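In the numbering used here, the protein residues as written are 47 to 206. From the three backbone atoms N, C-alpha and C, an ideal C-beta is built for every residue, glycine too. Here the structure is a predicted model, which means the values were calculated and not measured. Worksheet: one structure, shown below.
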Ligand code: NI
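Below is the structure:
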């Protein structure tokens with residue numbers, strides 16, 4: 047790969063890292079009882095949405111790049127355990143995509159380019175991020191815009 051291609055790959059992987067940081071920041075900012083909040087009686091709880099995002103990452107890695115797959119364990123609705131699990135799946139996705147781009151190999155099942163897996167997961171997690179904030183609001187435990195700014199948007203804008 048050329049230097050320019052490497053720099054581009056680094057920036058894309060950095061965007062994936064930032065996406066995970068934003069998710070973990072939201073997890074840590076949850077008010078007391080926030081993990082149990084749900085938008086409606088038959089909607090998934092906040093805790094279930096976090097574990098669902100982890101599950102989606104792990105299944106994608108298993109299907110597309112089995113050499114990077116890990117064990118999918120049941121996760122208790124506990125903030126620290128969810129954080130550990132999200133870090134693990136973020137790192138598996140990162141390694142899988144990096145490897146396929148660097149070796150010029152396609153994903154096993156889907157995607158025209160390995161980078162599209164990153165884009166899909168960022169889209170998926172942003173979708174659930176909004177749902178989590180809505181569930182918290184409906185449960186009367188909102189994360190305010192003042193709190194959310196430094197934890198989310200600023201993570202994307204910040205220069206290292
Ligand atoms: Ni989903």
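Residue i, buried or exposed, once every other Cβ within 10 Å from all chains shown has been counted against 16
i	result
residue 142	buried
residue 84	buried
residue 47	exposed
residue 79	exposed
residue 72	buried
residue 146	buried
residue 97	buried
residue 62	buried
residue 52	exposed
Whole-angstrom distance between residue j and residue i, CA atom to CA atom
i	j	result
residue 167	residue 144	15 Å
residue 158	residue 82	38 Å
residue 56	residue 87	42 Å
residue 207	residue 116	Residue 207 is absent from the structure shown; the chain starts at 47 and stops at 206.
residue 139	residue 181	27 Å
residue 136	residue 198	17 Å
residue 89	residue 125	20 Å
residue 74	residue 189	11 Å
residue 121	residue 128	7 Å
residue 102	residue 160	16 Å
residue 179	residue 58	26 Å
residue 54	residue 153	19 Å
residue 49	residue 123	43 Å
residue 192	residue 200	11 Å
residue 150	residue 107	17 Å
residue 95	residue 173	10 Å
residue 194	residue 113	36 Å
residue 177	residue 100	16 Å
Opening and closing residue of the alpha helix (DSSP H) in which residue i lies
i	result
residue 110	92-110
residue 114	No alpha helix (DSSP H) holds residue 114; DSSP gives it neither H nor E.
residue 89	From DSSP, residue 89 is part of no alpha helix (DSSP H); its letter is neither H nor E.
residue 162	161-184
residue 131	125-149
CB-CB length for residue i against residue j, believed under 8 Å
i	j	result
residue 171	residue 69	6 Å
residue 77	residue 187	4 Å
residue 155	residue 110	6 Å
residue 132	residue 66	6 Å
heavy atom of ligand 2 below 7 Å from residue i C-beta
i	result
residue 102	Within the structure as shown, ligand 2 is missing, the only ligands being ligand 1.
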